[in-house]
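So the sequence shown is numbered by the UniProt record's numbering: it starts at 1 and just counts up by one. A virtual CB, placed ideally from N, CA and C, is assigned to each residue, including glycine. Treat the numbers as computed from the prediction; the structure is a model and nothing was measured.
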Amino acid sequence: MQFYCHSLSSYKRLKTREVKVGDLLLGADHPIRLQTMTTTDTMDTAATVAESIRCIEAGAELIRITAPSKKEAENLANIKKALRDKGYNTPLVADIHFTPNAAEIAAKIVEKVRVNPGNYVDKKKFEQIDYTDSAYNEELDRIRTRFTPLVRICKAHGTAMRIGTNHGSLGDRIMSRYGDTTMGMVESAMEFLRICRDEDYHNIVLSMKASNTHVMVEAYRLLIQQMDAEFGELYPLHLGVTEAGDGEDGRIKSAVGIGALLEDGIGDTVRVSLTEDAELEIPVCYDLVKRYDFTLDKNKEILEKEPDFAVPAITTDHLPYSPFEYKRRETNQISNIGSAHVPVVIADLSKLNHITPGDLLQVGYQYNEKLDKWFISDRAADYIFIGYQNIDFQLPGTLRAVVYPPAFDLQEHKEQFCPLFDTTTYLAGKDQKGKINFVHIQVYSDTQTDITKEQLNQLAADPTVVLILSSNRKNALQAIRRFIIHLETQQVKNPVIISVASNWNTADEHLIHFSTEAGGLLVDGMGDGVFFHLKTTAYKALAGNFQAAAGRNYQQNTNVEQFLNATAFSILQASRTRISKTEYISCPSCGRTLFDLQETTAKIRAVTNHLKGVKIAIMGCIVNGPGEMADADFGYVGSGVGKITLYKGKEVVKRNIDSEIAVGELINLLKEGGVWVEP
1 MQFYCHSLSS YKRLKTREVK VGDLLLGADH PIRLQTMTTT DTMDTAATVA ESIRCIEAGA
61 ELIRITAPSK KEAENLANIK KALRDKGYNT PLVADIHFTP NAAEIAAKIV EKVRVNPGNY
121 VDKKKFEQID YTDSAYNEEL DRIRTRFTPL VRICKAHGTA MRIGTNHGSL GDRIMSRYGD
181 TTMGMVESAM EFLRICRDED YHNIVLSMKA SNTHVMVEAY RLLIQQMDAE FGELYPLHLG
241 VTEAGDGEDG RIKSAVGIGA LLEDGIGDTV RVSLTEDAEL EIPVCYDLVK RYDFTLDKNK
301 EILEKEPDFA VPAITTDHLP YSPFEYKRRE TNQISNIGSA HVPVVIADLS KLNHITPGDL
361 LQVGYQYNEK LDKWFISDRA ADYIFIGYQN IDFQLPGTLR AVVYPPAFDL QEHKEQFCPL
421 FDTTTYLAGK DQKGKINFVH IQVYSDTQTD ITKEQLNQLA ADPTVVLILS SNRKNALQAI
481 RRFIIHLETQ QVKNPVIISV ASNWNTADEH LIHFSTEAGG LLVDGMGDGV FFHLKTTAYK
541 ALAGNFQAAA GRNYQQNTNV EQFLNATAFS ILQASRTRIS KTEYISCPSC GRTLFDLQET
601 TAKIRAVTNH LKGVKIAIMG CIVNGPGEMA DADFGYVGSG VGKITLYKGK EVVKRNIDSE
661 IAVGELINLL KEGGVWVEP
């Protein structure tokens with residue numbers, strides 16, 4: 001295994017053990033399975049059965065249902081019977097947190113149980129405890145005593161288990177010894193896994209969920225490395241970004257985290273946690289995994305036709321970066337690109353016929369003719385790509401247009417423009433050059449060979465060159481990452497713009513594509529900017545009927561240019577590399593939820609979406625309260641029917657507020673916290 005997967009440069013599915021969940025097989029060479037979780041009250045059998053059927057008919061291969069106490073666990077039998085009587089044999093998963101006795105009941109009924117190590121036995125009072133080794137081992141013995149009965153029940157009944165660690169749910173014992181780290185997450189799961197192995201029980205799936213995509217990706221990678229080092233084998237992995245949110249933000253955040261792992265062949269089942277109806281999660285899951293259906297002959301042929309890399313294979317035990325800890329690649333500064341600058345956004349306006357000041361509204365610039373003044377939003381593109389076109393008006397602020405060399409040569413005010421070259425043309429010096437020169441490198445495509453060492457050295461010595469990297473390969477992320485690793489080993493410090501083209505059909509598919517290919521690089525600290533564009537057929541399809549293609553989640557985008565620009569900024573935010581708006585960490589709801597999450601999230605978003613950089617958690621219950629929202633600045637948590645508790649960080653500020661006034665109280669808390677500004 002290479003660091004944390006079988007290959008960093010070619011797609012190869014991570015080999016894991018086969019696990020049986022009812023009649024469903026996952027892991028090993030089986031397809032990546034799709035799953036979701038019901039949002040209804042588990043005691044409402046009819047509603048839960050109806051919702052489960054909607055999810056199954058949408059394509060769910062596993063259905064998870066919460067069992068917060070013994071009575072819900074026992075009612076799983078009625079739910080299962082009703083589904084089986086209606087002809088639905090999809091495996092059911094019981095979701096357990098604080099109640100081992102409920103897990104032991106559920107394990108005799110359903111095909112799989114999910115336990116959270118941080119909640120199952122451990123305490124969580126956010127206390128720092130100085131354990132001696134003997135005291136720590138006593139705690140491990142206590143966990144073994146409490147957990148082993150469930151393991152034996154699962155083994156006896158052929159029930160599968162997911163050991164599901166969450167970043168925000170680590171117990172005080174783990175936090176005291178390991179801190180708020182990915183190693184703490186991994187060790188929390190490994191403790192439970194060791195007990196299972198000691199009982200010769202292996203029907204296990206593991207997960208390492210977090211709302212922070214960096215933490216999530218790094219934790220899964222570290223878990224793989226630890227399992228391989230300790231056991232010499234790997235158990236299947238359930239992928240998910242917890243509390244991803246709703247709409248395009250929820251889809252993008254999920255795709256950045258999940259996609260970064262899937263690109264390296266990691267993951268055996270996926271769940272996308274959206275604050276939406278459960279059945280709406282499944283199409284997003286499908287869009288994520290269908291990219292890796294290499295069982296199809298046509299996909300095998302595509303891979304076989306792709307040429308080998310010219311850059312030497314990565315065969316050493318050393319990488320120029322750590323895949324287990326985020327650090328931005330060090331680059332030179334060229335104007336506002338590279339070094340300590342946040343990644344830039346290049347917006348594609350090249351498919352517009354004649355660019356006017358009004359067109360810039362789609363990429364964050366609004367011109368007031370009466371005041372003769374530009375208003376620039378927090379999500380305003382840094383550059384616009386216009387190809388061979390001209391701009392016949394003064395561009396606002398520091399905005400510059402990127403053009404092909406023939407168009408650059410004709411410009412009178414060249415300070416507003418930057419030329420975009422291919423490598424050969426730039427080094428030949430046939431055209432005029434700007435203060436910033438973008439040089440496009442097509443990384444290992446079918447038709448163009450890679451740049452030579454001599455050419456790369458010439459570009460590296462030029463203090464005006466920004467590299468734009470793209471790839472036509474099916475595993476484009478791996479190709480570009482490999483080239484950037486090559487840049488690092490050769491000590492080339494030119495900034496890099498990640499260029500991604502999409503030829504999919506729907507807005508959702510484009511979101512998944514851009515988020516996966518660019519987001520996966522950004523979470524590894526690679527990339528000083530992004531440039532997204534659609535191929536001609538895809539552009540025409542989306543532009544022709546944008547509202548119908550985009551669906552209800554993208555009503556704020558009225559055309560392709562606006563969609564691409566918004567997507568770029570959302571991906572940068574999801575990858576934690578450029579913050580341009582409020583971030584919402586909202587759970588997807590379940591039977592434990594104590595209020596309407598979708599409605600409440602919409603209300604909170606409506607009054608707080610102008611608070612750039614503030615992270616607000618919206619949680620249905622205390623299970624997803626101070627633990628699950630570990631990454632949030634403020635929390636809005638259900639604490640009883642019609643009652644809300646507000647948090648600042650992990651501390652309770654106001655308890656049991658009437659839900660009718662809770663949003664107003666949240667605003668007061670934001671004001672007290674010094675983060676409120678008038679919209």
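Which residues does DSSP list as the beta-bridge partners of residue i?
{"i": "Thr165", "result": "Met208"}
{"i": "Val21", "result": "Leu24"}
{"i": "Met619", "result": "Val637"}
{"i": "Arg379", "result": "Answer is none; Arg379 lacks a bridge partner."}
{"i": "Asn498", "result": "For the record, residue 498 in the displayed sequence is Ile; it is not Asn. In DSSP, Ile498 forms a bridge with Leu469, Val530."}
What residue range does the alpha helix (DSSP H) around residue i cover?
{"i": "Asp348", "result": "Run containing Asp348: none in the alpha helix (DSSP H); it sits in the beta strand (DSSP E), 344-348."}
{"i": "Met175", "result": "172-178"}
{"i": "Glu142", "result": "A small correction: the amino acid at residue 142 is Arg; Glu does not occupy that position in the sequence shown. First-last of the alpha helix (DSSP H) with Arg142: 133-157."}
{"i": "Leu469", "result": "Leu469 -> not in any alpha helix (DSSP H); beta strand (DSSP E) instead, spanning 465-470."}
{"i": "Asn119", "result": "117-120"}
{"i": "Ile282", "result": "281-289"}
{"i": "Ser570", "result": "560-574"}
{"i": "Ser515", "result": "507-522"}
{"i": "Ala107", "result": "Here Ala107 belongs to no alpha helix (DSSP H), and DSSP marks it neither H nor E."}
{"i": "Lys453", "result": "453-460"}
{"i": "Thr398", "result": "No alpha helix (DSSP H) contains Thr398, which DSSP labels as neither H nor E."}
{"i": "Val607", "result": "597-608"}
{"i": "Leu487", "result": "476-489"}
Taking its Cβ as the centre, do 16 or more other Cβ atoms sit within 10 Å of residue i, making it buried, or is it exposed?
{"i": "Ala255", "result": "buried"}
{"i": "Gly358", "result": "exposed"}
{"i": "Arg146", "result": "exposed"}
{"i": "Lys370", "result": "exposed"}
{"i": "Asp232", "result": "Residue identity check: residue 232 is Gly in the sequence provided, not Asp. Gly232 should be labelled exposed."}
{"i": "Pro463", "result": "exposed"}
{"i": "Arg162", "result": "buried"}
{"i": "Met1", "result": "exposed"}
{"i": "Ala549", "result": "Note that Ala549 has pLDDT 44, beneath the 50 cutoff, so the model's placement of it is unreliable and the number below is only indicative. Ala549 comes out buried."}
{"i": "Ile571", "result": "buried"}
{"i": "Leu274", "result": "buried"}
{"i": "Arg13", "result": "buried"}
{"i": "Ile224", "result": "buried"}
{"i": "Lys253", "result": "buried"}
{"i": "Ile441", "result": "buried"}
Check whether the Cβ atoms of residue i and residue j sit closer than 8 Å, and answer yes or no.
{"i": "Tyr120", "j": "Ser176", "result": "no"}
{"i": "Leu34", "j": "Glu74", "result": "no"}
{"i": "Ile334", "j": "Pro495", "result": "yes"}
{"i": "Ile65", "j": "Thr90", "result": "no"}
{"i": "Thr489", "j": "Asp246", "result": "no"}
{"i": "Leu521", "j": "Arg481", "result": "yes"}
{"i": "Leu222", "j": "Met190", "result": "no"}
{"i": "Thr645", "j": "Thr608", "result": "no"}
{"i": "Cys55", "j": "Ala229", "result": "no"}
{"i": "Leu670", "j": "Phe634", "result": "yes"}
{"i": "Val530", "j": "Ile498", "result": "yes"}
{"i": "Ile386", "j": "Ser350", "result": "yes"}
{"i": "Ile96", "j": "Thr45", "result": "no"}
{"i": "Ala82", "j": "Val49", "result": "yes"}
{"i": "Ala381", "j": "Val345", "result": "yes"}
{"i": "Asp348", "j": "Leu564", "result": "yes"}
{"i": "Val272", "j": "Gly240", "result": "yes"}
In the DSSP assignment, the beta strand (DSSP E) including residue i goes from what residue to what residue?
{"i": "residue 747", "result": "Because the chain here runs from 1 to 679, residue 747 falls outside it and cannot be looked at."}
{"i": "Gly635", "result": "634-640"}
{"i": "Gly387", "result": "383-387"}
{"i": "Leu34", "result": "33-37"}
{"i": "Lys671", "result": "Here Lys671 belongs to no beta strand (DSSP E); instead the alpha helix (DSSP H) covers 659-672."}
{"i": "Gly529", "result": "529-534"}
{"i": "Leu371", "result": "Segment: none, Leu371 is in no beta strand (DSSP E) and carries neither H nor E."}
{"i": "Ala278", "result": "Here Ala278 belongs to no beta strand (DSSP E), and DSSP marks it neither H nor E."}
{"i": "Ile391", "result": "Here Ile391 belongs to no beta strand (DSSP E), and DSSP marks it neither H nor E."}
{"i": "Tyr292", "result": "Element bounds for Tyr292: n/a, residue is neither H nor E."}
Is any beta-carbon of chain C found at less than 8 Å from that of residue i?
{"i": "Asn368", "result": "The chain labelled as chain C is not found in the depicted structure, where only one protein chain is given."}
Which parts of the stretch 193-254 are runs of the alpha helix (DSSP H), unbroken and 4 residues or longer, counting only runs that do not cross its ends?
-> Listed in chain order, they are 213-231.
Counting only runs that start and end within the stretch 403-443, where is the alpha helix (DSSP H) found for 4 or more residues in a row?
-> Entirely contained in the stretch 403-443, the alpha helix (DSSP H) runs reaching 4 residues are, in chain order, 405-409, 423-428.
Mind listing, in chain order, the continuous alpha helix (DSSP H) runs of no fewer than 4 residues lying wholly within the stretch 317-369?
-> Listed in chain order, there is nothing to give.
Whole alpha helix (DSSP H) runs in the stretch 52-98 with 4 or more residues, listed along the chain?
-> List check, alpha helix (DSSP H) in window: 70-85.
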